[in-house]
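To keep things clear, I will list the structure first and then write my remarks on it.
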Amino acid sequence: MKEKTNYIGHKVNRLDAIEKVTGEIKYMSDLYFPDMLYGKILRSKYPHALIRRIETSKAKAVEGVHAVITWEDVPGFNGFGIATPDQPVLSKDHIRYIGEAVAAVAAKSEEIAEKACALIEVEYEELPIVDNPIDALKENAPKIHENGNLCLHTEIKRGNIEKGFQESALIVENTYYTGRQEHAFLETEGGVAHIDTDGTLVIQVGSQYPQRDQLQLARCLGINPQKIRVISYPVGGAFGGKDELTIQPILALLTLKTGKPVKMVLSREESIISYWKRHPFIMHYKTGIDKEGKIVAQEVKIYEDKGAYSSLGGPVLNLAVEHACGPYRVENVHIDGYAAFTNNGVCGAFRGFGVPQVTFAMETQMDIISEKLGIDPIRLRKINALQKGDTTPIGNKLTTSVGTLKVLESIEECNLWKRRNELSTQDPKKPWIKRGVGLALTYQGTGLGVGLPDYGGAKLELREDGGFTVKIGTVDYGQGILTAYAQIVAETMRCPIEKVKVTLGDTALTADCGPTSASRGVYTGGKASIIAAEEMIQLMKNVAAPLLQASADFIDYDNGFMFLKGEPLRKVSYKEIANKFIDDGKPLPETEGYFLMPIADIEIKNAFGLPHHIFAFSAHVAYVEVNTLTGETRVLQGAEAVDGGVVINKQGYEGQVEGGFVMGLGYALMEDVIIDRGQFKNVNFSTYIIPTVKDTPFHIESIPVINPEDTGPFKAKGIAETVMVATAPAITNAIYRATGTRLYRIPATPEYVYKRLKEVENEKAHKGH
Amino acid sequence: MKEINYLSASNTEDALSLLSGFGENAKIIAGGTDILVRLKDNVIKEDTLIDISGVRELKGIYEDKDIIHILPLTTHTDIIESPVICKHLPILRDAVKSIGSPQIRNRGTIGGNIANASPAGDSIPALYVLSAYVRVKSREKERMVSINEFYKGPGQTVLDSNEMIVDIVIPHMKEQEIGFFRKVGQRNAISIAIANVAVKLEVSGENRFSNASVAFGALAPTVLRAKLIENALLNEVCDSPEKLLYISKLSEREVSPITDIRGSASYRIEMSTNILYEGLLLMFLKGWKR
Ligand SMILES: Cc1cc2nc3c(=O)[nH]c(=O)nc-3n(C[C@H](O)[C@H](O)[C@H](O)COP(=O)(O)OP(=O)(O)OC[C@H]3O[C@@H](n4cnc5c(N)ncnc54)[C@H](O)[C@@H]3O)c2cc1C
């Protein structure tokens, strides 16, 4: 049975498409104010050091310099960080990474600010460097923080792991490594701060959660949050990299100090060095399987390279722990995760939030098992697939919609998979070119998890023209929630989508809807919009009733009109209703919708935020070609079957699948910020390699798997992360299928693939003797 | 980025007299695709830029009997789209096609690629095997320099500070000449070579050659000619993949790469062998035909 909808599930063009392609939209980095100053941050010269002295007098004396600030100028608490505020706004004594902010300047021009920065004298005393998470946890390691280098330890034990391994017919044990991926958003951290006529400090910097920025800023500045307005939309890409604060506190300090608007836009180099990356992981996996292919035991040890400060590294570790065993039933588990501080820059939130790392490991394990036991990869996954009502490896019962089997069944039917045997061959004319098809499966929690305040909020206003403005604190950073919200409001209010305006990310105007992260944007803002819309309908019916000379209960509505049930010609338009409010001297109504995110009924002990309650599922297939003479890999085609509940916007869905697949491709084959002894080696797009259009597959099939989630807005869940998560192992499994060479490390650069090809060749030659 | 004087030349004479006037303090800017990156990185020591991009007489491709002239301001896109180049210098076309992206090829010029003297410059190995000459001019004199003698080191050429490139002179490939260009990079576009190679062979009989030119890029301080390989190709009967691999392995004796962020020296050495081998093998499988 399918309900007829006007917008939900259709292909709807992005409402912001035209202003974006014409360049008409003004990002925060595009803003100019009269009499504006330019800010510049002086960052540490060393990855690990003590500050002995900071001398700013020469910098202050430069003509055109309006302010030079150091830690002494931070009026409130000199720290920020979503989970633990342990990162100084401006460092006082202990430098923990090379991009750390030490001082800042506001000046008449960028050049003057830069010159003044160079004149700030800082005396450092270098400290020994900690450059990997395993060494960081050794007893004699130099301490990065007072309490040592352990940021978080999370351990989960279930069942009897020894017994499980004893009962296993096969045990597969490997160590995996993943790279330090950069978000590579188009717009680097940038924006302007100024003081409004009423004295409010206004911060306009693209970010993912204005209300939280406001609170963190209030704490640093020591002022009433009500006196701070954060405008965080529009933003030119984020992917998790703008969840935490970046330049905002420094920009705010410079503005407060000078009383003038101050602008700052980071160069790509400064952006890469200074702010968040995806955490590199080292993972030991030991999996025990019985003869039938059932996973009976799994032991996982995770070392997360946290970088210098906490930010969201703890929650990232916990999400990794939760998803470490994949969407499979495993009774006997021991998962032991460590997040360790190092002097390797800072890491934080990034699409997938710990799950891409463990999925690479787990799905490689599954591929190895499938081959060793001679069980088809999809069948192996079906044997172990979590289903509704099952208990997850970490011990919670799945009661919401579970699509593991459905995505597997859908991907099994896709062309690439059906033809995988004929496609997995060598090129007849160039036998050194080898092709293969690989598969991987994953899932991803929607929302923040147990123990964290998780809610949605939306305000809805009836405008004089009979249209509606919905105001939500989340932001559209490319994923398309702006259009999805408009669809949801238009569908619920039964009005043309052209009549819906969407205001996002502004503490003064929009409802607090939590962070734009954790695949929760559509779910939270969408559901809150529906609640606000339903209340609006009631208010409007009450006004329409006397106009239609009927009781509100007998009123129906559609297409921008309210009318008498069964008598559609006795009608008033929404505009007439709006005018009635005005005529009666009443303000136009604004309703608000709030709800608390449904959560699991248990809490996992000692694992903050776990478990999650609602999950999206996806199965990914990649078809690759490897040049065995060079190690170069091309991804020729891809496919994803994704269960995100009900699809809100088909076009948005396809965009997410294609974009997610390509981001996963970059993670699999090329992306890695290289840090050597605390120093960044590739700080711009000349050496930090991301996929170009020539590296993308010529076709990525997106297969929507409709699996309604009753609690969701129009039964939707969130897909924004899962779409990228399983791509890397699908690609590396395809490389194995093509070449017979297993990869335990991503990115699988041509050099790494080539090295592995040779190692395997040498092993074979050795065995032959 | 530092402040810099900017002057625009309207013709060759104008450019040359500006050059001789400013001497060491001036630098030519053509397409700017190398200069602007270096300017941003603050590694340009000169304080004046002389823009020659408006000098129309320095742009274009023409034939003079069996000699092709490519003027220095000819863009990579112009070269790729030229039927003359396609017909007579396919190795150069393939090399230039691998440069950057459409945007870079629309702006970047062949003169800039030559003068920039990057060991990884993609047109250079092709120009080596095609026996190109570079015509160099100052206000006082003019000279022809073989591309083989043009480079002194990374970023260093024989150009004097008052000289500029005014012509690139390349003989047609003969009918019995075949060849290829191949590069390995970190991705499929906007990719600086980890190693590249250009090869030209004159086929003289079955699996035999009367002329062989092989040039490697990104594998030494300058692009280099691989003499051992050339000799082997001339003296051996190249009648099996094994033989081609054997010859290709001589590259280990020719190259002296460094390790950098794009690739290790050992990977580069192996790639010098393998991309040469792959290209030779493909030609062998085609029966040494174009
Ligand atoms: C994103 C990107 C990707 C790139 N990819 C590649 C690639 O794949 N392969 C590759 O080989 N290169 C690549 N390059 C480098 C560059 O594009 C080429 O070297 C290009 O050919 C330079 O030409 P130009 O006209 O832009 O030179 P400019 O930047 O104008 O000048 C370069 C140098 O040549 C000198 N010069 C220019 N014209 C003359 C002349 N007539 N006489 C004397 N000196 C002269 C200048 O003084 C300067 O030193 C890339 C560059 C970028 C920015």
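Just so you know, the protein sequences line up as chains D and H, in that order.
Per the working numbering, residue 52 is the first one in the first sequence, and the count goes up by one each step.
Per the working numbering, residue 62 is the first one in the second sequence, and the count goes up by one each step.
Glycine included, every Cβ here is placed at the ideal spot set by N, Cα and C.
Cross-chain neighbours of residue i in chain H, by beta carbon under 9 Å
{"i": "T721(D)", "result": "A small correction: the amino acid at residue 721(D) is Met; Thr does not occupy that position in the sequence shown. In chain order: Q247, R248."}
{"i": "T743(D)", "result": "S162, R248, N249, A250, I251, S252"}
Bounding residues of the alpha helix (DSSP H) (the contiguous stretch that carries residue i)
{"i": "G644(D)", "result": "Here G644(D) belongs to no alpha helix (DSSP H); instead the beta strand (DSSP E) covers 641-647."}
{"i": "E162(D)", "result": "161-169"}
{"i": "D137(D)", "result": "Per DSSP, D137(D) belongs to no alpha helix (DSSP H) and is neither H nor E."}
{"i": "H149(H)", "result": "144-149"}
{"i": "H817(D)", "result": "801-819"}
{"i": "K352(D)", "result": "Not the alpha helix (DSSP H): K352(D) falls in the beta strand (DSSP E), residues 346-358."}
{"i": "E177(D)", "result": "Here E177(D) belongs to no alpha helix (DSSP H); instead the beta strand (DSSP E) covers 172-177."}
{"i": "Y212(H)", "result": "Element bounds for Y212(H): not the alpha helix (DSSP H) but the beta strand (DSSP E), 212-214."}
{"i": "R402(D)", "result": "Taken as a continuous stretch (DSSP letters only), R402(D) belongs to no alpha helix (DSSP H), as it is neither H nor E."}
{"i": "K71(D)", "result": "68-72"}
{"i": "G172(H)", "result": "171-177"}
Those residues which DSSP pairs with residue i across a bridge
{"i": "T109(H)", "result": "N66(H), A87(H)"}
{"i": "H245(D)", "result": "V253(D)"}
{"i": "H61(D)", "result": "N700(D)"}
{"i": "D609(D)", "result": "F612(D)"}
{"i": "M205(H)", "result": "R196(H)"}
{"i": "V551(D)", "result": "F519(D)"}
{"i": "Q688(D)", "result": "Y674(D), H750(D)"}
{"i": "E114(D)", "result": "BP columns for E114(D) are empty, so no partner."}
{"i": "A154(D)", "result": "L93(D)"}
{"i": "P232(H)", "result": "I128(H)"}
{"i": "E618(D)", "result": "L615(D)"}
{"i": "F712(D)", "result": "Note: F712(D) sits in no beta bridge, so no partner."}
Classification of residue i by the beta-carbon crowding that lies within 10 angstroms, buried from 16 upward
{"i": "Q232(D)", "result": "buried"}
{"i": "C147(H)", "result": "exposed"}
{"i": "K768(D)", "result": "buried"}
{"i": "N191(D)", "result": "exposed"}
{"i": "V72(D)", "result": "exposed"}
{"i": "N200(D)", "result": "buried"}
{"i": "N49(D)", "result": "Look at the range of chain D in this structure, 52 to 820, and you will see that residue 49(D) is not part of it."}
{"i": "R470(D)", "result": "exposed"}
{"i": "N86(H)", "result": "exposed"}
{"i": "S80(D)", "result": "buried"}
Limits of the beta strand (DSSP E) - the one that residue i falls within
{"i": "P504(D)", "result": "Careful: P504(D) lies outside any beta strand (DSSP E) and carries neither H nor E."}
{"i": "D387(D)", "result": "383-392"}
{"i": "F519(D)", "result": "519-523"}
{"i": "N678(D)", "result": "665-678"}
{"i": "T493(D)", "result": "484-497"}
{"i": "N272(H)", "result": "269-278"}
{"i": "T334(H)", "result": "Counting along the chain, T334(H) falls outside any beta strand (DSSP E), though it belongs to the alpha helix (DSSP H) covering 326-346."}
{"i": "F241(H)", "result": "238-245"}
{"i": "E263(H)", "result": "256-266"}
{"i": "L221(D)", "result": "221-228"}
Proximity test, Cβ basis, 7 Å: residue i and chain B
{"i": "L307(D)", "result": "This model lacks chain B altogether; the protein chains it does include are D and H."}
Partner residues on chain D for residue i, Cβ-Cβ distance less than 8 Å
{"i": "S325(H)", "result": "E802"}
{"i": "Y338(H)", "result": "L680"}
Interface residues of chain D facing residue i [CB-CB closer than 7 Å]
{"i": "M7(H)", "result": "Residue 7(H) lies beyond the range of chain H shown here (62 to 351); nothing can be said about it."}
{"i": "N335(H)", "result": "L680, T681"}
{"i": "M332(H)", "result": "T681"}
Interface residues of chain D facing residue i [CB-CB closer than 9 Å]
{"i": "I322(H)", "result": "I725, K732, N733, T738"}
{"i": "Y328(H)", "result": "G682, P801, E802, Y805, K806"}
Within chain H, partners of residue i - CB distance below 8 Å
{"i": "A480(D)", "result": "Sequence check: residue 480(D) is Lys here, not Ala. By Cβ distance, chain H contributes L346."}
{"i": "D67(D)", "result": "Per Cβ cutoff of 8 Å: no residues; D67(D) is ~25 Å from chain H at best."}
{"i": "D746(D)", "result": "R248, N249, A250"}
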